[in-house]
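Just remember that the numbering used here sits 1046 ahead of the position in the sequence shown, which is counted from 1.
Notes follow the structure.
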Amino acid sequence: MTTVVVAEDEALIRLDLVETLAEEGYDVVGEAADGDSALELVRALSPDVAILDIKMPGTDGLTAARQIIGERLSAVVILTAFSQRELIEQARDAGAMAYVVKPFERNDLVPAIEMAIARFADFAFAEAAASEHAERAASAEAKLEERKLLDRAKGRLMDTHGLAEADAFRFLRSAAMNGRSSMGEVAQRVLDGELKP
Ligand SMILES: [Mg+2]
């Protein structure tokens, strides 16, 4: 069941929202009448989606939305009055995943929630993929650097100490095993002149 936190300072609208959501099969796990409580509830309950009115006492819905999305806590649907057109623009800029104009219609609410959840999933997935890609690239680069270092150390052992390539490699490997250090570290010590056969 999709879990929802609702934040709306007008009690009647909040009640209406909660009832509508329950009738549509959503699980309303938390209700708040201001932005700070909404943020606390979302952090504590990790709902699938937070529905936030913009104009609330204390932290407003847009600020709470930025915070929630910034911390990757949940999808967000913004509620805004029809007269507040500029707030709709701001909601978009805040990275709100979807918004609903009040007075809301049941037929607007459900698609907005589903769209927000789908967009949040895409967003989180893209971010995870990007960071995994960066990690792999960094590890590939580190491996390449180590290989270059090993080649240079091997060359040094061959040129300066007259070792055959296979012996140079064996020297590096056993120095690494005995010293419990990486091949890269051992290679660096050979290049620094600290380690000799
Ligand atoms: Mg309000």
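Every residue gets a Cβ at the ideal spot worked out from N, C-alpha and C, and that includes glycine.
These figures come from a predicted structure and were not determined experimentally.
Quick check: is any heavy atom of ligand 1 less than 7 Å from the C-beta of residue i?
i: MET1102; result: yes
i: GLU1181; result: no
i: GLU1054; result: yes
i: ASP1099; result: yes
Just curious, the alpha helix (DSSP H) that residue i is in, first and last residue?
i: LEU1085; result: 1081–1091
i: ILE1114; result: 1107–1116
i: LEU1195; result: 1152–1207
i: THR1066; result: 1057–1069
i: ALA1233; result: 1229–1237
i: LEU1125; result: Unbroken run through LEU1125 is the beta strand (DSSP E), 1121–1127; no alpha helix (DSSP H).
i: ALA1137; result: 1131–1139
What residue range is occupied by the uninterrupted beta strand (DSSP E) comprising residue i?
i: ASP1073; result: 1073–1078
i: ASP1099; result: 1095–1099
i: ALA1221; result: No beta strand (DSSP E) holds ALA1221; the alpha helix (DSSP H) holding it covers 1211–1224.
i: LYS1148; result: 1144–1148
i: THR1049; result: 1049–1053
Below 8 Å on the Cβ atoms is my guess for residue i versus residue j; work out the distance and round it to an integer in Å.
i: MET1229; j: GLU1191; result: Actually they are not in contact, since the Cβ atoms of MET1229 and GLU1191 sit about 12 Å apart, beyond 8 Å.
i: TYR1145; j: ALA1158; result: 7 Å
i: ALA1233; j: LEU1196; result: 5 Å
i: ARG1198; j: LEU1241; result: At roughly 13 Å, the Cβ-Cβ gap does not stay under 8 Å, so ARG1198 and LEU1241 are not in contact.
i: LEU1257; j: ILE1114; result: What the structure shows of the chain is the stretch from 1047 to 1243, and residue 1257 is not part of that stretch, so it cannot be assessed.
i: ALA1111; j: ALA1142; result: 5 Å
i: PHE1215; j: PRO1243; result: Going by Cβ atoms, the distance from PHE1215 to PRO1243 rounds to 12 Å, so no, they are not a contact pair.
i: GLU1070; j: VAL1156; result: 6 Å
Cβ of residue i within 7 Å of any heavy atom in ligand 2?
i: SER1227; result: Of the ligands this structure carries, namely ligand 1, none is ligand 2.
Do three or more CB pairs link the segment 1201–1208 to the segment 1181–1189 at distances below 8 Å?
no
With three or more C-beta pairs closer than 8 Å as the rule, is the segment 1089–1097 touching the segment 1050–1069?
yes
Using 8 Å as the threshold, is the segment 1162–1180 in touch with the segment 1115–1122, meaning 3 or more CB pairs across them?
yes
With a threshold of 8 Å, are at least 3 pairs of Cβ atoms found where one atom belongs to the segment 1103–1114 and the other to the segment 1136–1145?
yes
So, does the segment 1055–1071 touch the segment 1082–1093, judging by three or more C-beta pairs under 8 Å?
no
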